[in-house]
Amino acid sequence: SGAGGVTVAAGETADFPLILTANGAQITFSFACGALPANASCSFNPATETLNPGVQGNVTVEVVTSEGTAAARNREQRAWSALPLLCGLLLVPLALVHRRKIFLAALLLGFLAAGVSSCTSSSGGTGGTPPGEQSGSHSPPGTYTIPVTISADGASQAINLTLTVD
Numbered sequence: 023s024g025a026g027g028v029t030v031a032a033g034e035t036a037d038f039p040l041i042l043t044a045n046g047a048q049i050t051f052s053f054a055c056g057a058l059p060a061n062a063s064c065s066f067n068p069a070t071e072t073l074n075p076g077v078q079g080n081v082t083v084e085v086v087t088s089e090g091t092a093a094a095r096n097r098e099q100r101a102w103s104a105l106p107l108l109c110g111l112l113l114v115p116l117a118l119v120h121r122r123k124i125f126l127a128a129l130l131l132g133f134l135a136a137g138v139s140s141c142t143s144s145s146g147g148t149g150g151t152p153p154g155e156q157s158g159s160h161s162p163p164g165t166y167t168i169p170v171t172i173s174a175d176g177a178s179q180a181i182n183l184t185l186t187v188d
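In the working numbering, the protein residues as written are 23 to 188.
1) So, for T167: in the same chain, excluding its five sequence neighbours on each side, which residues have a beta-carbon less than 7 Å away from its beta-carbon?
2) Which first and last residues belong to the beta strand (DSSP E) in which S178 is found?
3) Roughly how many whole angstroms lie between the Cα atoms of A177 and P163?
4) Counting pairs of Cβ atoms below 8 Å between the segment 27-45 and the segment 74-90, do you hit three or more?
5) Do you know offhand how far V30's Cα is from N45's?
6) Any idea what DSSP makes of A69, helix, strand or coil?
7) Assuming E84 is part of the beta strand (DSSP E), what are its boundary residues?
8) Let me check one thing: in DSSP terms, what residues is P169 bridge-paired to?
9) Give the range of the beta strand (DSSP E) segment to which S52 is assigned.
Take a look at the structure:
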């Protein structure tokens, strides 16, 4: 028995707690997940559980969803987009100490760096999938039924968990 439904955003982990009870003899339980959403993975904590008669055990089913590498890469690119502008601005104080021609050259270099920075942060292009990356490498939004099989001493029981990815 345990929680049947969990809602997470793409890229987060859904934890489903399960409660197990051994009846009559010491039993070792093992677990397996059935169909999962695209680009999701399933694991159990602990991987197996051995219980004595009448003792309850707790197992957590962890379903890890994926937000996709493109979203993570876009956040990383935004952080570095101002670097060319900052490098150009570092030359301005140096130019003020020297001659006027050097100052004008540094000012021109600063404008050039600003232009390059604005071009790199706009991400241009047609929005296609970058080379080496699969299209749609995230867990799509939706509600999914995940069958979990619990096996012990040659018998098995299936339960369904409900995962909603926003």
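By construction, the Cβ of each residue, glycine as well, lies at the ideal position given by its N, Cα and C atoms.
On the basis of the supplied data:
1) Here the question's residue 167 lines up with position 145 in the sequence shown. Cβ within range, chain order: N182, T184.
2) Reading the sequence shown from its first residue, position 156 is the one you call residue 178. Membership of S178 in the beta strand (DSSP E) is indicated by the continuous run 177-187.
3) By one-based count along the sequence shown, residue 177 stands at place 155. By one-based count along the sequence shown, residue 163 stands at place 141. So the two alpha carbons sit approximately 34 Å from each other.
4) Counting Cβ pairs under 8 Å, three or more are found: they touch.
5) Working through the sequence shown from its first residue, we reach residue 30 at position 8. Working through the sequence shown from its first residue, we reach residue 45 at position 23. So the alpha carbons of these two residues sit roughly 34 Å apart.
6) For this step, residue 69 is matched to residue 47 along the sequence shown. Residue state, collapsed to three classes: coil.
7) Translated into positions along the sequence shown, residue 84 becomes position 62. Bounds of the beta strand (DSSP E) holding E84 are 78-86.
8) Counted from its first residue, the sequence shown places residue 169 at position 147. P169 is bridged to N182.
9) Here residue 52 corresponds to residue number 30 of the sequence shown, with the count starting at 1. Going by DSSP, S52 is part of the beta strand (DSSP E) stretching over 49-55.
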